[in-house]
Structures are given as C-alpha cells and as structure tokens.
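Quick note on this note's numbering: the sequence shown kicks off at 9 and runs consecutively.
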Amino acid sequence: MSATILCYHKVGPGSEEGRRLNIEPSRLKSHVRFFARKKCTFLVAGDLSGSWKEGIVCFTFDDAYESTIVHAPIIFEEAGVRASFYAVSDRVGGRSDWDGENSRPLANWDLLREVQQRGHEIGNHSQNHKHMGELTPDEQFAEIQNAHNRFVDERIRPRSFCFPYGSHNQATLEMLQKANYSVGLALGKRPARREDNLLSLPRVVVAYSDALPMLLYKIVLKPKLRKR
Ligand SMILES: [Zn+2]
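Dropping the structure here:
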C-alpha cells in the first residue's frame, strides 16, 4: 500500500512568481487531471491516519503563499479534489521572511478560513518556520503547540503538521505526539508506504520544470530504480 504525497510551494504565473518554488496554474491543472483520470483516491494529509487504499494521491502546499491560495484551490475544486495547505502561524498575512530577498506575500486569516470552508485542509507549518531538527525538544513543542493554539483561536482546525525544510529528529516526532498530532510530513523522494511512521511521511517535491513525464519519473520510476 502506498500513497504519493506531492509537495508544492507557490502556484502562480511565472511572470509574477518566477521559477523559484513556483509552478504555473496550467501545469498544476495537468497534474490534477492526470491523477483524476487514473481514478486515484485523493486524500488530504490529515486523513492519512485512517485506512489506505491503493492509488492514494495527496497534494500538499507549503507556506500558504497568497499566490497559492488564490490560484490552487479552484483548480482542485474543478476536479472535485481537496488539498492541504500549510501555514506558519506567526507570519499569516505577512511575508515569507525566511525566503530572504525572495520573500513573498502570505495568505491572511480570512483567505485561509475561506479555503478551509471550501473543504480543503489548512495544516500546521509551525509558529516561525525554523529547522525543527536544530531546536531543543521544548522549543520544538512550543513551535508546534503555540502555532496550534493560534490556529484554533482563528477558527482553523489543523489535523497534520508539515516540517519546515523537512527538518526533524526523533524529538520532533515525540513532541508532535505530545501535541496530539498523528500525521507529520517530511521530504523523501519516494511515495509513502503504509509501514512508514505516520509522523514523518516522505513527500516528493514538485519543481517548476516538472511537466508530467518528469513528475512520473520522480514518483514512479526513480524509487524503483533505486531499489535495484
Ligand atoms: Zn515552508
């Protein structure tokens, strides 16, 4: 049993968002249509703690950039699919200052609430977007729990946690459990398997230049080639 968990960042016209961590809306649309035609089962990440069927696909978007929240949900809704968007609680409505000179506007609470209401998942991407694996366990717990409390105050209901930069260690998983999370998302260049730890599931990063053949290579062929 496996689940292909795709990791995207920005979704917007290249003229506005450039190529860095961005994908054109038309390209995202072709990815969604491809998996819909294959009759895949689409889950939001929070639902990965339940039972798995064959052919699960999960679309996740880190950072909740304004461009993403404006362009992506409608593409999923046209296909009857729901996706997961991960916000950084202390930066909502601000800018992605961790991107340095490439910082971009982030969606505000109103936008996030609207997208949640439309059936998508707004997940926890920490309070400050730090490398979790470099923090003490107490600091990690604060990053998870403070963010969670803020989300709840803003009527957002996160059901999964996504590690900034994919960074985590054993303590991160323990602190996630302590905060009552059962799904954590890391990075991993291969589909997730049912026997993987649900608190650190691997995701495949999708880049600007990933047209469908390259995407398929990444999620289907490359993991098999590596096994040999
Ligand atoms: Zn991030």
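Don't be surprised by glycine CBs; every beta carbon is placed ideally from N, CA and C.
Compare the C-beta of A72 against all C-beta atoms of chain D and say whether one is closer than 9 Å.
In the structure shown, chain D does not exist; there is a single protein chain.
For S208, count neighbouring C-beta atoms within 10 Å of its own C-beta (all shown protein chains included) and say buried if the count is 16 or more, exposed if not.
When all chains shown are included, S208 counts as buried.
Quick check: the region 12-19 against the region 75-82, are at least 3 beta-carbon pairs closer than 8 Å?
Yes, since at least three Cβ pairs between the region 75-82 and the region 12-19 fall closer than 8 Å, the two stretches touch.
Is there contact between the region 27-39 and the region 213-221, where contact requires at least three CB pairs shorter than 8 Å?
Because the criterion of three Cβ pairs below 8 Å is met, the region 27-39 and the region 213-221 touch.
Could you name the residues of the same chain whose beta carbon sits closer than 7 Å to that of V123, not counting the 5 residues immediately before and after it, in chain order?
Correct list, in chain order: I77, P81, F93 and I130.
Please list, following the chain, all residues that have a C-beta closer than 6 Å to any non-hydrogen atom of ligand 1.
Going along the chain, the residues that qualify are D70, D71, H133, H137 and P172.
Can you give the beta carbon distance from A87 to V100, rounded, assuming they're within the 8 Å contact cut?
Rounded, the Cβ-Cβ distance is 27 Å, inconsistent with contact.
For Q185, does the count of other Cβ atoms within 10 angstroms reach 16, so buried, or fall short, so exposed?
With fewer than 16 Cβ atoms within 10 Å of its Cβ, Q185 is classed as exposed.
Note down the Cα distance separating N154 from Q135, rounded to an integer number of angstroms.
Answer to the nearest angstrom: the Cα atoms are 6 Å apart.
Please report the straight-line C-alpha distance between K47 and M183, rounded to a whole angstrom.
Taking the straight line from one Cα to the other gives about 36 Å.
In chain order, what residues of the same chain lie with their CB nearer than 6 Å to the CB of T3, ignoring the 5 residues before and after it?
Residue 3 lies beyond the stretch modelled for the chain, which goes from 9 to 236, so this question has no answer here.
Measuring CB to CB, does R198 end up less than 9 Å from R234?
It is a contact, given that the beta carbons lie within the stated cut-off.
Closest to C170 by C-alpha separation, out of V65, I31 and P210, would be which residue?
C170 has its Cα closest to that of P210, out of V65, I31 and P210.
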